[in-house]
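Participant: Please see the structure below; I have some questions.
Structure below.
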C-alpha cells in the first residue's frame with residue numbers, strides 16, 4: 001500500500017508535469033483539500049511540504065501553496081525517477097520469485113518488442 005500523502009503527491013506532480021496545473025496556480029488550502037478528500041490536514045500538509053522540497057510548489061505564508069515555475073528538466077527527471085522506482089519494484093519482485101538477471105532481461109526484451 002502506498003501512503004495517502006504519496007498518492008496525493010503523485011497526483012499533483014502528474015497534474016504539474018502534464019500541464020493540467022499551470023505555473024502560479026494556487027492549490028487548494030490544506031484544510032479545504034483535507035475536507036474534500038476526508039483525510040487528515042497533516043497528511044495534506046506533509047504532501048505539500050514534500051512537493052515543496054522537490055521544487056514542484058512554493059508556499060507563501062498566509063497566502064497559500066502555488067505551482068512553482070515550471071522547469072522542464074525537473075519534470076523530466078521526476079518522470080524518469082518514477083519509472084526507475086517502478087522498475088526497482090518489479091526487479092525486486094522478480095528476484096524474490098527466483099528469476100535470474102538473464103531471465104529478467106529476457107522478459108523486458110520481450111515486452112519491449114511487443115510495445
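Numbering (UniProt numbering), first residue to last: 1 to 115.
Think of the CB as a built atom: it goes at the ideal place given N, C-alpha and C, for glycine as much as any other residue.
Just to check my reading of the structure: residue 67 and residue 21 have Cβ atoms closer than 8 Å, yes? What is that Cβ distance to the nearest angstrom?
Facilitator: Here the question's residue 67 lines up with position 67 in the chain shown. Here the question's residue 21 lines up with position 21 in the chain shown. About 5 Å separates the beta carbons of residue 67 and residue 21, which is inside the 8 Å limit, making them a contact pair.
Participant: Rounded to the nearest angstrom, what separates residue 44 and residue 115 at their Cα positions?
Facilitator: For this step, residue 44 is matched to residue 44 along the chain shown. For this step, residue 115 is matched to residue 115 along the chain shown. Each residue's alpha carbon lies about 37 Å from the other.
Participant: With DSSP collapsed to three states, give me the class of residue 2.
Facilitator: Walking along the chain shown from the start, residue 2 turns up at place 2. Residue 2 falls in the coil class under three-state DSSP.
Participant: Is it buried or exposed, residue 107, if we count other Cβ atoms within 10 angstroms and call 16 or more buried?
Facilitator: Mapped onto the chain shown, residue 107 falls at position 107. Looking at its Cβ environment, which holds fewer than 16 other Cβ atoms inside 10 Å, residue 107 is exposed.
Participant: Use the C-beta contact count for residue 1: other C-beta atoms within 10 angstroms, 16 or more gives buried, fewer gives exposed.
Facilitator: Translated into the one-based positions of the chain shown, residue 1 becomes position 1. The C-beta of residue 1 has fewer than 16 other C-beta atoms within 10 Å across all chains shown, which makes the residue exposed.
Participant: Closest to residue 55 by C-alpha separation, out of 86, 76, 30, 83, would be which residue?
Facilitator: As a first step, residue 55 must be located in the chain shown, where it is residue number 55. Comparing Cα positions, the closest option is 76.
Participant: What is the DSSP secondary structure of residue 30, reduced to helix, strand or coil?
Facilitator: Along the chain shown, read from residue 1 onward, the residue named residue 30 stands at position 30. Three-state result, residue 30: helix.
Participant: To test your reading of the DSSP string, which unbroken beta strand (DSSP E) runs of 3 or more residues are found completely within the region 17 to 95?
Facilitator: 57 to 60, 64 to 67
Participant: Contact defined as beta carbons within less than 8 Å: I believe residue 26 pairs with residue 64. What is the distance between those atoms, to the nearest angstrom?
Facilitator: For the purposes of this step, residue 26 is taken as the residue at position 26 of the chain shown. For the purposes of this step, residue 64 is taken as the residue at position 64 of the chain shown. Right, their Cβ atoms sit about 5 Å apart.
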